[in-house]
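As structure tokens, the structure follows; a few thoughts come after it.
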Amino acid sequence: MNRDRPVLVFLIASLNGGGAQKVLSGVVERLRGAWDIRIVLTDANPEKDVYAETMERLSVPVVRIRDHRHFGLPLKILSVRRAILKNRPDVVGSWMTGPNALCGAALLGTGIPYVLSERNDTRATLGNFPWHPRLFSFLFRKSISGKNAKAVVACAKRLADILREEFPTNAEIVTIQNGIDVEALAARSAEPLPEEARRLFDGKTVVAVGRLDAQKDYPTLFRALARGGPETAKARLLILGEGALEPALREKAGELGVGDRVFFCGYRRNPHAWVSRADVYALCSTHEGFPNALAEAMSTNGHCVSTDCPTGPSEIIENGKSGLLVPVGDERALSEALERMLSDAELRNRCAENAKNWALDHSFDRTAREWDGVLRKAAGLDD
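Numbering (this note's numbering), first residue to last: 534 to 916.
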């Protein structure tokens, strides 16, 4: 271990293809020169860890904790503790609600400062936690209020407000929005589509990116498609993502009469080639943190329609200027917004220009600098 640099351990559930993992990967790439970085994964499935290749390329060590679900939470916490202490970090940065709940308990009595990063509406995440939800809610509250919790990073301003209002802590709560790597996105967008995908773009297309789960509320998007105006009624919906709800969602699309226009395209390592070629990018979530796919679509597509859910979309889209926002679960408003974005050339031009300007103002370098400042302050290295 190189003690010429301060040691930073990032704690996260996995390195799968999610938005938080993508942001973490970008932060690691930009901070690795100033920090000796290690990654500890609490729920790792190596087959799903698409960003493990990035860490290997960056020579950042990754430790995977065994799945102790069947052996008890105390053993999991102990394993996390051992993995962190072995690296003797100056500070720990924990990402996402599950690892954040474990972090405080794992570091109890060590004196090691830590920073928690919440990436989604914490209330919804804890309320729907799949494993011991009451216990994890208790552990999260203990972790965020721990004396060595130096800061809590929220990825959206409204999320920061929620944390201040509902989760007592003496830690500093700061907002660091996700960064956009405009040049990298442009390069990925220019890559060719797979041969089998090209035929899907021979008419009007709406693209959505995200897991096939309840949070993304695809049924409302199907209903908006079903009741659409002249342009929406002809449009195809391409969904890039995977999840346990795919069979139910296929059935729902069929019930609503749009099964022949909804295409489940699975997980794609380069969604930008698809998003950039679509006529509209749509997000229909019930809640978010700071939706990375929407932020990136502002750069690669520029014709975005989203629910105004807590939290994030209203900090990305200025309604009517750089995109369109609609109430959560409102299929009529969503259908009308899709029709406007598909058919109104003046609106499309205005939104595209303003969306791309927004993306240019949200560079990944800025995100990394802000993270560096928070971590240094937490470790007592900001003098």
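Positions of the beta carbon are idealized from the N, C-alpha and C atoms, including for glycine.
Environment of residue i [buried if 16+ CB atoms lie within 10 Å]
| i | result |
| --- | --- |
| Arg614 | buried |
| Lys767 | exposed |
| His805 | buried |
| Asp714 | buried |
| Arg599 | exposed |
| Trp891 | buried |
Residue i versus residue j - alpha carbon distance
| i | j | result |
| --- | --- | --- |
| Gly792 | Ser592 | 46 Å |
| Ala567 | Arg881 | 42 Å |
| Leu668 | Lys690 | 27 Å |
| Val707 | Cys688 | 9 Å |
| Lys749 | Glu829 | 17 Å |
| Thr844 | Asp898 | 23 Å |
| Ile695 | Ala657 | 11 Å |
| Lys675 | Ala888 | 40 Å |
| Ala781 | Pro539 | 49 Å |
| Ala786 | Ile617 | 46 Å |
| Val648 | Asn803 | 31 Å |
| Ile610 | Gly559 | 27 Å |
| Leu771 | Gly736 | 12 Å |
| Ser612 | Phe796 | 42 Å |
| Met534 | Cys884 | A caution first: Met534 carries a pLDDT of 47, below 50, which makes its placement in the model too unreliable to give a value. |
| Asn502 | Asn711 | Outside the shown range of the chain (534 to 916) lies residue 502, about which nothing can therefore be said. |
| Val624 | Phe755 | 45 Å |
| Arg902 | Asp915 | 13 Å |
| Leu640 | Leu778 | 36 Å |
Nearest neighbour of residue i, chosen from the options [CA to CA]
| i | options | result |
| --- | --- | --- |
| Ala553 | Glu821, Val739, Asn890 and Leu875 | Glu821 |
| Gly906 | Arg769, Pro860 and Glu705 | Glu705 |
| Leu541 | Val813, Pro594, Pro663 and Asp841 | Pro594 |
| Ser876 | Glu788, Glu764 and Lys581 | Glu764 |
Beta-carbon proximity list for residue i, same chain, < 6 Å, skipping 5 on both sides
| i | result |
| --- | --- |
| Glu886 | none |
| Asn546 | With the sequence shown as reference, residue 546 is identified as Ala, and Asn is not the correct amino acid for it. Here the set comprises Thr575, Asp576, Met629, Gly631 and Pro632. |
| Leu726 | Ala806 |
| Tyr814 | Val740, Val808, Ala830, Asn834 and Cys837 |
| Phe700 | Ile677 |
Neighbourhood of residue i by C-beta distance below 7 Å, restricted to the same chain and skipping five residues each side
| i | result |
| --- | --- |
| Ala757 | Glu864, Leu867, Ser868 and Leu871 |
Close-in-space but distant-in-sequence residues of the same chain around residue i (CB under 8 Å, 5 per side omitted)
| i | result |
| --- | --- |
| Leu672 | Ala634, Leu635, Gly637 and Ala638 |
| Gly776 | Arg744, Leu745 and Asp746 |
*Please confirm if the segment 801-820 is in contact with the segment 858-875, defined as three or more CB-CB distances below 8 Å between the two stretches.*
yes
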